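Below is one structure, written out as structure tokens; the observations come after it.
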């Protein structure tokens, strides 16, 4: 038997989570930093291995390292939800090297966050960049 219990994070959690996702979509990393708590803890499991960061500038800087720059950028899928007391965010990003005609790449990240009026913790897992495959005729 499966039982589904639904709970809601505090009303203030949703705006902070939405700001994080919206800022990522727009590649507005200074605004992304504003939705993070002053002591935000970021733990990530990514290729080539895990790492941790603390503080909004360091965390926003990491997102800019991954998703900033001149490459063409598109968030092709994203969602915000909840698992127990944690806010769940996910996004799939596609990037193409700007003006080179080179093959693009896609990555997907899943995040569980503790959110009050700002994001206090982020636990992220990432697929790593996966190269686009040529379409076969």
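Residue numbers (the working numbering): 26 to 162.
Heads up, the beta-carbon is just placed ideally off N, CA and C, and yes, glycines get one too.
These numbers were taken from a predicted model, which means no experiment stands behind them.
Suppose the cutoff is 6 Å on Cβ atoms and the five residues either side in sequence are ignored; what does the same chain contact list for residue 99 look like? The count along the chain shown starts at 1 and reaches residue 99 at position 74. 119.
Between which two residues does the alpha helix (DSSP H) containing residue 56 stretch? What you label residue 56 is simply residue 31 of the chain shown in a count that begins at 1. From DSSP, the alpha helix (DSSP H) with residue 56 extends over 54-59.
Go ahead and pull the three-state DSSP assignment for residue 41. The count along the chain shown starts at 1 and reaches residue 41 at position 16. Here residue 41 sits in helix by DSSP.
Starting from the Cα of residue 129, find the closest Cα among 73, 97, 141 and give me that residue. The sequence position of residue 129 within the chain shown is 104, counting from 1. Measuring from the Cα of residue 129, the nearest candidate turns out to be 97.
Of all the options 82, 148, 71, which has the alpha carbon lying nearest to the alpha carbon of residue 138? As a working note, residue 138 is residue 113 in the chain shown. Comparing Cα positions, the closest option is 148.
Nearest to residue 117 by CA position, among 89, 49, 95, 146, is which residue? Against the chain shown, residue 117 aligns to sequence position 92. It is 49 whose Cα lies nearest to the Cα of residue 117.
Spatial distance of residue 151 from residue 75 (CA atoms): Along the chain shown, read from residue 1 onward, the residue named residue 151 stands at position 126. Along the chain shown, read from residue 1 onward, the residue named residue 75 stands at position 50. Roughly 10 Å between the two C-alpha positions.
Between residue 81 and the rest of its own chain, which residues show a CB-CB distance below 6 Å, the 5 nearest in sequence each way excluded? Your numbering for residue 81 matches position 56 in the chain shown. So the list reads 58, 61, 65, once near-sequence residues are dropped.
Nearest-angstrom beta carbon gap, residue 103 and residue 46 [assumed within contact, 8 Å]: In the chain shown, the residue the question calls residue 46 occupies position 21. In the chain shown, the residue the question calls residue 103 occupies position 78. Contact holds; Cβ gap of about 6 Å.
Let me know the secondary structure DSSP gives residue 89 once reduced to three states. In the chain shown, the residue the question calls residue 89 occupies position 64. Of the three classes helix, strand and coil, the one that applies to residue 89 here is helix, per DSSP.
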